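J.: Below you will find the structure I want to go over with you.
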Amino acid sequence: MIRLLVICLLTLLSPLAHAALEASVDRTRLIEGESLELTLESPAVGRLSELDLSPLAEHFEVQRSRQLSLVSKVDGRTTPVTRWVITLRPLRTGFLVVPPVHLGQSSSQPISLHVLSATQAAADQGAQLAPVFIDSEVDIENPYVQAQVLLTLRIYHSVSLFDDSSLSGLEIPNARVESLGRPRNFERVINGVRHGVIEVRYAIYPQHSGEMEIPSQLFSATALQPGTGRSSARSGRVVQVRSPSITLQVRPIPTDYPADAPWIPARSLTLTQTWQPDPGIDLFSGEPLTRTLILAADGLTAAQLPALQSLNPDTDNDNQLRQYADQPQLHTDYSDQGARGIRHDSAALVALEEGSYTLPALRVHWWNTLEDRLETATLDSVVLNVSRDTDFGSASPPVNYAAEEPALLWPWQLACALLGLALAVSLYFLHRARRALAEYQLTETEEQFDDQEQGNPLADLQAACRTNRPAEARKALELWARQQHSEGLIGLSHNHLELEEALDDLNACLFGRARHQWRGKPLWRAVRMVIQSQRREAEEESTPKLESLYPEV
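Here it is in structure tokens:
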């Protein structure tokens with residue numbers, strides 16, 4: 001019954017509405033606590049013209065209102081259009097009517113809405129949302145060329161997602177795109193259901209005027225699906241959703257903007273300066289004075305800010321006042337509100353002669369995108385008073401330095417000579433020690449024996465050592481030791497340490513105490529050392545001794 005009365009009321013009111021002010025809403029069915037956008041369009045009117053929004057206060061709360069100036073092209077004809085975007089929140093549930101809004105003699109047509117309560121939304125299948133969906137919005141739909149546009153993408157999900165979610169890269173022809181940090185995660189209740197939200201923000205800078213489309217973005221993820229049984233495992237399902245595309249109407253540089261000034265569309269801009277040292281103190285010719293100009297703008301990157309100079313190229317002070325510029329310092333901060341560019345231009349100013357020098361005032365023209373108007377940031381002119389440094393140029397009497405006696409060099413020379421002599425003596429004794437050590441070293445020539453000679457234990461020992469046979473080497477060693485010493489192998493090994501160590505290694509291999517394979521080379525080297533030692537003793541005994549000068553009594 002109520003719906004029938006509303007339809008009748010709309011039928012009666014529709015002839016009274018003027019078509020000059022068109023109204024539309026982004027949706028006609030919403031949940032209690034949600035907001036909607038009412039869009040009103042009319043041919044271009046004066047900027048001072050205001051809408052009468054008082055009829056909306058009965059059933060709605062006006063949260064925000066924006067006025068946009070657009071250009072509409074229909075059938076080849078260009079028509080200026082003014083658009084108002086009004087955010088409304090219904091104050092009650094049920095069937096509501098957005099009443100006509102008046103603009104001078106024009107009025108919009110009424111629009112019916114259906115606001116569901118939380119209970120109705122839970123029971124209404126038509127109000128149920130998809131488990132994963134994506135939404136996109138921009139802060140301005142008709143930006144200026146090279147001005148910042150904030151794009152916000154929000155991915156809503158009422159189901160759990162795995163960590164493999166991805167969002168396609170944003171690429172827009174004839175536009176520069178900057179990512180504003182990492183994605184932000186939070187929660188929001190929609191239709192009585194708690195949703196996780198992944199928010200991604202971009203700063204877009206159109207490079208050409210005209211129509212520009214922001215393409216839709218593809219979000220891919222794996223949604224968690226619970227099992228149907230008590231013991232069944234949970235599985236995943238691949239989900240892909242696309243955001244709606246957005247079309248922007250990019251405006252060119254305004255005609256009233258100065259033609260010789262660089263185009264700076266920003267939300268806010270500041271121009272400051274610092275000095276080192278203070279220009280108000282006494283300055284002297286030839287003394288450098290450093291001036292730093294700081295330009296900061298919200299909504300622009302540092303690369304978009306123009307360079308600033310303390311002296312103009314055509315100033316009259318170029319011959320006497322010089323400027324030596326340093327490399328500019330550029331820095332851009334990114335936040336949820338967009339980019340903030342900061343540029344530092346430093347230069348050293350040096351006056352070559354005394355006098356008074358005037359630095360011209362600085363003016364930076366920029367376009368305020370929030371207020372949609374031209375503004376100018378200025379720095380007043382600065383006067384530098386430079387005087388001659390009399391202390392620096394005054395003649396001073398010559399200073400007589402007492403003649404110093406030449407430094408004595410012979411103690412150093414003597415010390416160096418003694419150190420060199422000591423080094424030479426040390427090298428001489430080192431050489432002698434090395435020669436003496438070489439005399440005691442054993443020759444590496446190997447003894448040659450006839451392996452076929454019968455009854456020669458030394459030849460058998462050499463053959464056993466070559467083939468690494470420990471049992472045969474032990475037997476030949478004992479036979480050879482009996483020929484060399486009365487006590488046999490025991491007595492011979494006590495007199496020669498090398499033979500004793502080689503014999504211990506041989507016994508360890510024979511009786512299983514050693515874990516390595518026996519090698520005969522160390523034993524044969526020890527036997528050779530014993531043979532050479534016996535030969536030296538025999539040569540010493542055969543050498544005749546000199547007779548004593550004094551006869552024995």
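Be aware that the sequence shown starts at 1, since it is given in full-length UniProt numbering, and climbs by one per residue. Backbone N, C-alpha and C define an ideal beta-carbon position, used for all residues, glycine too. This one's a predicted model, so the numbers in the text were calculated from it and none came from an experiment.
1) With distance defined between alpha-carbon atoms, name the residue in 304, 355, 63, 322 nearest to residue 332.
2) Could you give the C-beta distance for residue 159 and residue 224, rounded to a whole number, given that I count them as a contact under 8 Å?
3) Given residue 520, which residues of its chain have a CB within under 8 Å of its CB, disregarding the five upstream and five downstream residues?
4) Count the C-beta pairs between the region 246-257 and the region 352-359 that are closer than 8 Å, then say yes if the count reaches three, no if not.
5) By a C-beta neighbour count over all protein chains shown, 10 Å radius and 16 as the cutoff for buried, is residue 494 buried or exposed?
6) Do you know offhand how far residue 197's Cα is from residue 247's?
7) If you reduce the DSSP assignment to three classes, tell me which class residue 480 lands in.
8) From the DSSP output, read off the bridge partner residues of residue 356.
9) When the Cα atoms are used, what is the spatial distance from residue 517 to residue 511?
10) Can you tell me whether residue 159 is helix, strand or coil according to DSSP?
11) Would the beta-carbon of residue 89 fall within 8 Å of that of residue 35?
12) Count the other CB atoms within 10 Å of the CB of residue 101; is the residue buried (16 or more) or exposed (fewer)?
13) Report, in whole angstroms, the separation of the C-beta atoms of residue 288 and residue 350, which I expect to be a contact under 8 Å.
14) Please name the residue in 241, 180, 216, 238 whose C-alpha comes closest to that of residue 340.
15) With distance defined between alpha-carbon atoms, name the residue in 498, 86, 33, 150 nearest to residue 176.
16) Take residue 277 as the anchor and find which of 292, 212, 266 has the nearest alpha-carbon.
17) So, with DSSP's three-state summary, where would you put residue 115?
18) So what does DSSP say about residue 191, is it helix, strand or coil?
19) Below 8 Å on the Cβ atoms is my guess for residue 145 versus residue 206; work out the distance and round it to an integer in Å.
20) On the three-state DSSP scale, how would you describe residue 169?
21) Is the distance from the Cβ of residue 60 to the Cβ of residue 155 below 8 Å?
22) Pick from 69, 165, 39: whose alpha carbon is nearest that of residue 22?
23) By alpha-carbon positions, which one of 244, 210, 323, 117 ends up nearest to residue 190?
24) Select from 31, 51, 134 the residue whose C-alpha is nearest the C-alpha of residue 120.
25) DSSP three-state label for residue 495, please.
26) Roughly how many angstroms separate the alpha carbons of residue 482 and residue 422, rounded to a whole number?
27) Can you tell me the Cβ-Cβ gap for residue 323 and residue 311, rounded? I've got them flagged as a contact below 8 Å.
28) If you run the structure through DSSP and keep just helix, strand and coil, what is residue 488?
29) For a test of the three-state rule: what should DSSP assign to residue 392, helix, strand or coil?
30) So, using beta-carbon positions, are residue 242 and residue 217 closer together than 8 Å?
31) Measure the Cβ-Cβ separation of residue 136 and residue 152 and say whether it is below 8 Å.
32) Per the DSSP calculation, residue 289 is bridged to which residue(s)?
33) Secondary structure at residue 265, three-state DSSP: helix, strand or coil?
34) Between which residues of its own chain and residue 353 is the CB-CB distance below 7 Å, once the five residues before and five after are set aside?
35) Who does residue 90 pair with in a DSSP beta bridge?
36) For residue 172, which option in 204, 184, 193 has the closest C-alpha, if you only look at C-alpha atoms?
T.: So, from the listed chains and residues:
1) 304
2) 6 Å
3) 464, 465, 466, 467, 468, 469, 470, 473
4) no
5) exposed
6) 24 Å
7) helix
8) Answer is 385, bridged to residue 356.
9) 12 Å
10) coil
11) For the 8 Å CB-CB criterion, residue 89 and residue 35 form a contact.
12) buried
13) 5 Å
14) 180
15) 150
16) Out of 292, 212, 266, 292 has the C-alpha closest to the C-alpha of residue 277.
17) strand
18) coil
19) 6 Å
20) coil
21) no
22) 39
23) 117
24) 31
25) helix
26) 54 Å
27) With a Cβ gap of about 5 Å, residue 323 and residue 311 count as contacting.
28) helix
29) Only weak support is given to the placement of residue 392: the predicted model assigns it a pLDDT of 44, under 50, and the value that follows is read from those uncertain coordinates. Correct three-state label for residue 392: helix.
30) yes
31) yes
32) 349
33) strand
34) Excluding residues within five positions, the ones whose Cβ falls inside 7 Å are 285, 320.
35) 60
36) 204
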